[in-house]
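These notes are about the structure you will find just below.
2 protein chains.
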Amino acid sequence: MPKRNAFYAQSGGVTAVINASAAGVIETARENKQAIGKVYAGRNGIIGALREELIDTSKESKSAIAQLRNTPSGAFGSCRHKLKSLEENRAEYERLIEVFKAHNIGYFFYNGGGDSADTCLKVSQLSKTMGYPLQAIHIPKTIDNDLPLTDNCPGFGSVAKYIAISTREAAMDVASMCETSTKVFILEVMGRHAGWIAAAGGLAAEHEGDAPHIILFPEIAFNPKKFLARVKRCVKQHGFCVIVASEGAKYKDGTLLAGSSHKDAFGHHQLGGLAPTLAEMIKSELGFKYHWAVADYLQRAARHIASTTDVEQAYAVGVAAVKMALQGKNAIMPAIVRGKGKRYSWSIGEAPLEKVANEEKMMPRNYISRDGFGITEEARAYLQPLIAGEAYPTYSKGLPRYVRLKNVAVPKKLKNSFAV
Amino acid sequence: MPKRNAFYAQSGGVTAVINASAAGVIETARENKQAIGKVYAGRNGIIGALREELIDTSKESKSAIAQLRNTPSGAFGSCRHKLKSLEENRAEYERLIEVFKAHNIGYFFYNGGGDSADTCLKVSQLSKTMGYPLQAIHIPKTIDNDLPLTDNCPGFGSVAKYIAISTREAAMDVASMCETSTKVFILEVMGRHAGWIAAAGGLAAEHEGDAPHIILFPEIAFNPKKFLARVKRCVKQHGFCVIVASEGAKYKDGTLLAGSSHKDAFGHHQLGGLAPTLAEMIKSELGFKYHWAVADYLQRAARHIASTTDVEQAYAVGVAAVKMALQGKNAIMPAIVRGKGKRYSWSIGEAPLEKVANEEKMMPRNYISRDGFGITEEARAYLQPLIAGEAYPTYSKGLPRYVRLKNVAVPKKLKNSFAV
């Protein structure tokens, strides 16, 4: 088999550990020089391929690539750009193939969530249609933990850990102050459709009655009356009330609590503003003094307290993607498979992309307590191993040392440019 | 000298390291059993004394007290309750003395910020007026870093570290996404009047042009035109713009950007909502896609990434307070004194309370860059040692192990109750 180059791109919202997957891909490709030439990364994700803006990762030192394992964000840039269907925008797919041909790319590694799995599948299909041999492997990444056919998604464990820790810490703060000051604390967390991240806040509780006292999931219709009654009862019982609320929390009719008319490039609503909305509701109906926090990017970038399980799995799916490609596989995704034993274990399996793309895995109902405001023991058993271990980065002058790559451009070979 | 008991109380907003000061007090008192009987802690701060709700810390194990060093929040509860002047509410002071007499309390350790220093001073003065011998020592604590006569305040270094790390991490996230998505990120941080915490965000930058690109200080009047021009230029130049904004940022006439009519028990305005205000301004004037985060309690409770310098200093002022009391001192505060050498060093000095109380230390103008949007090398040199070192707590099941004390009540001796 003639030696061919690989293309790697990061897609969608970045995470604390997506670069660990990049490290897995690049290091494994470097170990297999007999089959894989260079790994080119897309500058700003897939649009880097469309624009022929490729980064030559062979220019990075071994140590720089190793440091990716400890560096949050997307080292090559990511993007929110969803390729349309072949019928709607065939030109984009043809451009991709054109660029891949020009740079002798035979492996396409796409590191993202559900939308990217869909793109990856389409690229694979087109390569067949157009008679250009290309192996397309999707590498799972999403803090939302909503991909099907994998036990969990790299990126989620670290956010889960951050949210669980932050909830525990902030709750202790409120407990100290509640006698004369703040009675209600609201932490707004990410999770557009699935409540996995909000659920992780539930891990902060050790004993019955511990904070968080209320979790709001997108999966459970928000009932203001029931919610306010619970807040009131909680303050009466514990002196304070801690709420972890998913940004995707919505009313029965599907209206978001924090409605917003913004949409991102994938057509998703841009959310935020839920915490102040809830705070206002509590203040006007119950009169309690409140505080609220919106973790936003802090949660998904918090490499300083990443979960060891998460970092290891993110790295492993990167390694597995390259190995699967070398085995001639196509249109698949390395998946995380949980062992059946009582003690947590995991291995890497594989999932066909046509079953992964555009499907969202919600919290199962039995992970949510009957009243809809908490997590069950089943959820706890599922979540806990995912936040295990502290994969600390190294520090210099009190701050984490994160690598900044050189990101040297690959000289362009095509004459025509392509507007994205 | 007959053996007398000590009273210790936590006051105002709690921090990641105020319990380290408590550990310093209790452990040092235990080492000096010849002079100090028991250490009684106020349940929920000073109101615990007023209500005669005392906690017997002698019921806590050696290991539990040692673990306070690694536990955020206020282990005995804190409160926002400012004692008025002697003329306005003599009854409260007389009640304090009554409770202290009943429990043979000869040492008053008050752990708080400027308002508490003032209370501590008044208690000391009253003990003289009323002929009840009491040594009142104030132990500095405030994330705002605004106490005079001390190089810095325990509690600040850990918030500073958290904000610097979070700014660096979130900025890397935005940098990855800015080509097609978020262009502006705003992190709202605490700091009612002084911009120390916002300034700490500036440590995230290593090189010229690094994020954060704009810092908003309460000390610098907010000029919307200048601000928006800077945001626009920054996005043009770097592709994105990261802003760290102090909750206390205000217009030239003193109006807060995020005005609110709430006031806390000290008469301070309750702030918050600045980040969405700025975001709205940027969206409507410049049209950039934005994200914002409000760290709120997360920042001051973040013991998981506390600064080693901060933890050590918080412990040291607790130890020093007891030693000063044993030396017969009164109406003073142990202060942190920075060594003169090039290499950072510190020692404990003492500051008279009449010079500490009710005074706020703002950022000096030479710590803020000429344009008012950044920090200078002087600020960097001052701040950097305060965030040095990672004083990690221990973990169990992926979460920090924080101690929960038994907080056993001291039997009441007084017949009358006292409404607070």
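Chains as they are written, first to last, in my numbering: chain A, 64 to 483; chain B, 64 to 483. Note that the Cβ used here is the ideal one computed from N, Cα and C, for glycine as well. Quantities reported herein were computed from a predicted structural model and do not represent experimental measurements.
Among the CB atoms of chain A, none fall inside 9 Å of the CB of B/D207.
Between B/P203 and B/A180, the C-beta spacing is below 9 Å.
Among the residues of chain A, none has a CB under 9 Å from the CB of B/C304; the nearest is roughly 14 Å distant. B/Q97 counts as exposed, since fewer than 16 other beta carbons sit within 10 angstroms of its beta carbon.
Between A/I260 and A/S309, the beta carbon gap of about 7 Å places them in contact (Cβ cut-off 8 Å). A direct Cα-to-Cα measurement between B/Q362 and A/G264 gives close to 17 Å.
Taking 9 Å as the cut-off, the Cβ atoms of B/A321 and B/A199 do not count as close.
By the C-beta criterion, the segment 349-364 of chain A is judged to be in contact with the segment 348-361 of chain B, since at least 3 inter-stretch pairs fall below 8 Å. Between A/F248 and chain B, the shortest Cβ-Cβ separation is below 9 Å. DSSP lists B/I249 and B/I277 as the bridge partner or partners of B/I306. Shown here for B/E348: same chain residues with a beta carbon closer than 6 Å to its own, the five before and five after excluded, namely L291 in chain order.
The DSSP-derived three-state label of B/L159 is helix. Residues of the segment 288-320 of chain A whose Cβ lies closer than 7 Å to any Cβ of chain B: none.
Selection A/V374, A/G412 and A/I278 evaluated against A/R433 yields A/I278 as nearest (Cα-Cα).
When Cβ-Cβ separations below 9 Å define contact, B/D236 makes contact with chain A. When C-beta distances to chain A are compared with 8 Å, the residues of the segment 352-365 of chain B below that value are K352, H354, W355, A356, V357, A358, D359, Y360, L361, R363, A364 and A365, in chain order.
Taking 9 Å as the CB threshold, B/L341 stays off the interface with chain A. The three-state reading of DSSP puts A/I206 in coil, since its state is none of H, G, I, E or B.
Against B/C142, the close residues of chain A are M240, E242, T243 and S244, in the order they occur along the chain (beta-carbon pairs closer than 8 Å). Taking a cut-off of 8 Å on C-beta distances, the segment 248-255 of chain A does not touch the segment 364-376 of chain A, as fewer than three cross pairs fall below it. Listed along the chain, the chain B residues whose CB falls inside 8 Å of the CB of A/H367 are I228, E232 and I368. Among the residues facing chain A, B/N107 is included, as its CB has a counterpart in that chain under 9 Å away. Neighbourhood of A/S136 in chain B, by CB distance below 8 Å: E232, M235, D236, A238 and S239, in chain order.
Put simply, of A/E242, A/N208 and A/L131 the residue whose alpha carbon is nearest the alpha carbon of A/M253 is A/N208. By the criterion of at least three beta-carbon pairs nearer than 8 Å, the segment 468-475 of chain A is in contact with the segment 119-128 of chain A. Per DSSP, the continuous beta strand (DSSP E) segment holding A/K101 begins and ends at I99 to G105.
Proximity of A/E441 to chain B, defined by a Cβ-Cβ separation below 9 Å, is not satisfied.
With a threshold of 9 Å between beta carbons, A/Y430 makes no contact with chain B. Take A/K315, set aside five residues on each side of it, and the residues of its chain with a beta-carbon closer than 8 Å to its own are A284, F285 and N286, in chain order. Per DSSP, B/V357 is one residue of the beta strand (DSSP E) stretching across Y353 to V357. No Cβ of chain A is located within less than 9 Å of the beta carbon of B/E155. In the DSSP assignment, B/A85 forms no beta bridge with any residue. Counting the other CB atoms within 10 Å of its CB gives B/K185 a total of 16 or more, which places it among the buried residues. Close to A/Y458, with beta-carbon spacing below 7 Å, are these residues of chain B in chain order: E453. Taken in chain order, the whole alpha helix (DSSP H) runs of length 4 or more contained in the segment 164-247 of chain A are 177-192 and 219-240.
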